[in-house]
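A.B. asks: In the UniProt record's numbering, the protein residues as written are 1 to 184. No residue lacks a Cβ here, since even glycine has one placed at the ideal position from N, Cα and C.
#1: Per DSSP, what kind of secondary structure is residue 23 in: helix, strand or coil?
#2: Going by the CB atoms, is the gap between residue 3 and residue 79 shorter than 8 Å?
#3: Quick one: grab the DSSP three-state call for residue 29.
#4: Tell me the rounded alpha-carbon separation between residue 60 and residue 92.
#5: Decide if the region 109-125 is in contact with the region 151-162; the criterion is three or more beta carbon pairs, one per stretch, under 8 Å apart.
#6: From this set, 25, 72, 77, 104, which residue's C-alpha is nearest residue 56's C-alpha?
#7: Does the beta-carbon of residue 52 have 16 or more other beta-carbons within 10 angstroms, so that it is buried, or is it exposed?
#8: What I want to know is whether the C-beta of residue 77 ends up closer than 7 Å to one or more non-hydrogen atoms of the ligand SAM.
#9: To the nearest angstrom, how far is the alpha carbon of residue 64 from that of residue 173?
#10: Among 49, 67, 175, 23, which one has its Cα closest to the Cα of residue 39?
#11: Could you name the residues that DSSP lists as bridge partners for residue 139?
So, in structure tokens, the structure goes:
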């Protein structure tokens, strides 16, 4: 089994990255092979709306998204993480999501196998964890279009300093347990 993490935060070792790693660590301890992509480090261009992918199984743009497409097609599970910046996922994560349009057939069926397991993680400075539930609900619906099974959403709230999430032992433990249980 393989689990791939996609970190939409520009901060390595920031709260989102720490939570993504917790899930991946749990999956690895349960026997999964893991891989992590830092979207900010990838050479990605935004979707051009050219509709090339409507007639061809793939994207016309040749950049690092091809590695992500391979991971999305071949892995069994995923961890998607993004902090909230100005009431939405980061621009990096939004660009990544937009480019996943190439994985959708013209009849809106997915070009990847259905049933892949997913954990969503996020972080924001607002004190209430549910402050941006709408963003996570919308993303869950997008993942549902791909036939993915969202197993949980874990949000770090109220921390601004990178790594502050480590103060929340329960959240850290829950995220790790989620990774361990992805394939049970």
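C.D. replies: In this structure, then:
#1: As a first step, residue 23 is located in the chain shown; it is residue number 23 there, counting from the start. Three-state result, residue 23: helix.
#2: To locate residue 79, count along the chain shown from 1; it is residue 79. To locate residue 3, count along the chain shown from 1; it is residue 3. Contact: yes.
#3: Locating residue 29 in the chain shown gives position 29, where the first residue counts as 1. Helix, per DSSP.
#4: Position 60 of the chain shown, counting from 1, holds the residue named residue 60. Position 92 of the chain shown, counting from 1, holds the residue named residue 92. One C-alpha to the other measures close to 19 Å.
#5: yes
#6: Looking up residue 56 in the chain shown gives position 56. Ranking the options by Cα distance to residue 56, first place goes to 104.
#7: Numbered from 1 along the chain shown, position 52 holds the residue referred to as residue 52. With fewer than 16 other Cβ atoms within 10 Å, it is exposed.
#8: The ligand content of the structure shown is nil, which means the ligand SAM is not present either.
#9: What you label residue 64 is simply residue 64 of the chain shown in a count that begins at 1. What you label residue 173 is simply residue 173 of the chain shown in a count that begins at 1. Each residue's Cα considered, the two are about 32 Å apart.
#10: On the chain shown, position 39 is the one that residue 39 refers to. Comparing Cα-Cα distances from residue 39 to each of 49, 67, 175, 23, the minimum goes to 67.
#11: Taking the first residue of the chain shown as position 1, residue 139 is located at position 139. In DSSP, residue 139 forms no bridge with anything.
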